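Enquirer: In the numbering used here, the protein residues as written are 1 to 168.
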């Protein structure tokens with residue numbers, strides 16, 4: 001696609017402006033593009049997850065536990081809060097991961113009602129294999145932007161995310 005050639009989002013905005021001159025479709029130029037980028041990122045990421053027979057949800061839990069440092073554990077409630085899932089949704093995810101040998105459940109010695117999800121050696125090895133490739137692919141996705149542009153985009157997206165959380 002040439003630089004002067006309009007893309008699909010620009011065509012949609014132009015069509016609305018032509019069809020409804022009083023309508024302001026400017027938000028489509030931003031949010032339409034954010035949505036499209038999100039879908040493309042998800043599709044590219046899913047290719048990697050498919051190579052390892054996992055999905056985005058499992059990757060997120062493995063990464064959250066790995067980032068904790070030893071003993072690589074969090075409660076289901078903590079994991080659910082960080083992923084915006086219900087506790088029921090997290091329980092189902094953890095059940096699958098436990099069956100697959102990626103995590104084990106460990107009761108707290110301080111509070112027997114509290115149960116941790118803890119990385120197993122297999123889960124630890126899997127996330128360590130995937131994370132390098134995952135981050136390299138993300139770098140490739142962003143390599144069209146300079147470091148300064150990436151920082152500015154991250155700042156603007158954070159501002160947008162904050163506003164969306166206020167509205168939800």
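Every residue gets a Cβ at the ideal spot worked out from N, C-alpha and C, and that includes glycine. Since this is a predicted model, take the numbers as computed values, not measurements.
Alpha carbon to alpha carbon, how far is residue 109 from residue 71? Give it in angstroms, no decimals.
Expert: Distance between the alpha carbons of residue 71 and residue 109: 14 Å.
Enquirer: Going by Cα to Cα distance, which pick from 152, 44, 123 is closest to residue 136?
Expert: Ranking the options by Cα distance to residue 136, first place goes to 44.
Enquirer: For residue 54, which of helix, strand or coil comes out of DSSP?
Expert: Reduced to three states, the DSSP call for residue 54 is coil.
Enquirer: Enumerate, from N- to C-terminal direction, the unbroken alpha helix (DSSP H) stretches of 4 or more residues contained entirely within the stretch 74–107.
Expert: Runs found: 76–83, 87–99.
Enquirer: Quick one: Cα of residue 81 to Cα of residue 89, how far?
Expert: Taking the straight line joining both Cα atoms gives about 11 Å.
Enquirer: How about residue 176 and residue 118: do their beta carbons lie closer than 9 Å?
Expert: A question about residue 176 goes unanswered here, because the residues of the chain that appear run from 1 up to 168.
Enquirer: From the DSSP output, in three-state form, read off residue 23 for me.
Expert: Reduced to three states, the DSSP call for residue 23 is coil.
Enquirer: Are residue 145 and residue 153 close, meaning C-beta to C-beta below 9 Å?
Expert: For residue 145 and residue 153, yes; Cβs fall inside 9 Å.
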